[in-house]
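Residue numbers (this note's numbering): 1 to 158.
Every residue gets a Cβ at the ideal spot worked out from N, C-alpha and C, and that includes glycine.
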Amino acid sequence: MNLDIIAQLVQILREAPELGAIEVRRGLFGAWSSVRVSKAGHTTNEGGQHAVVAHLPAAPAVGPGSPGPAPAAAPPSHLVEIKSPMVGTYYSAPEPGAEPYVKAGSRVATGQVVCIIEAMKIMNEIESEVAGVVREVLVENAQPVEFGQLLFRVDPHA
1 MNLDIIAQLV QILREAPELG AIEVRRGLFG AWSSVRVSKA GHTTNEGGQH
51 AVVAHLPAAP AVGPGSPGPA PAAAPPSHLV EIKSPMVGTY YSAPEPGAEP
101 YVKAGSRVAT GQVVCIIEAM KIMNEIESEV AGVVREVLVE NAQPVEFGQL
151 LFRVDPHA
């Protein structure tokens, strides 16, 4: 975990009086690391305190002299996020070799299929809840996804 990122989390916690703790977990396939930053006097999330949890993709270890990962920029507030409704494997197209349902720049309609998430051998079509233009695709084809993980950001005003 990059110390600059931890310092940024501490600064966010200082500036947000409504937050008692921030927890960051990252990794895939058993390679998990996590950091929890909390204010003095605040208990863990099980004790009823609020926490912001960010799931980040696994990143290679950062060695001495190598630059750390750049912090993700906050999305413009007008973009609508499409999140995964389940744990599974994300597929961008209906079958291998086919064109993806959507790409960055694609126009989507409400109810249009934007991807498939396979869970327990069942292919679940995920539909857009908003019409607009896809500005960001945040996952790679065949990548494992978690419940609530961001998949797309859509501009409903475009």
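- Query: Using the beta-carbon count (16 or more within 10 Å), is I122 buried or exposed?
  - Reply: Exposed.
- Say yes only if the C-beta of Q143 is nearer than 7 Å to one or more non-hydrogen atoms of the ligand FMN, and no if none qualify. This structure simply doesn't include the ligand FMN, nor any ligand for that matter.
- Go through the stretch 83-116 residue by residue and report every complete run of the beta strand (DSSP E) that reaches 3 residues or more, in order. Within the stretch 83-116, the beta strand (DSSP E) runs of at least 3 residues that lie entirely inside it are, in chain order, 88-91.
- Between which two residues does the beta strand (DSSP E) carrying F152 extend? 150-155
- Query: Do you know offhand how far V52's Cα is from E15's?
  - Reply: Low local confidence applies: a pLDDT of 43 at V52 is under 50, so the model's placement there is unreliable, with the coordinate-based value given in what follows. Cα-Cα distance, rounded: 14 Å.
- Query: What residue range is occupied by the uninterrupted beta strand (DSSP E) comprising M123?
  - Reply: 122-127
- Task: Find out if the Cβ-Cβ distance for the pair V113, E127 is shorter than 8 Å.
- Result: Cβ atoms of V113 and E127: closer than 8 Å.
- Message: For V160 and G132, which I take to be in contact (beta-carbon distance under 8 Å), what is that distance rounded to the nearest angstrom?
- Response: The displayed coordinates of the chain run from 1 to 158. Any statement about residue 160 would go beyond what the structure contains.
- Message: Within a Cβ cutoff of 6 Å, which residues of the same chain sit near Q143, ignoring the five residues on either side of it in sequence?
- Response: Y90
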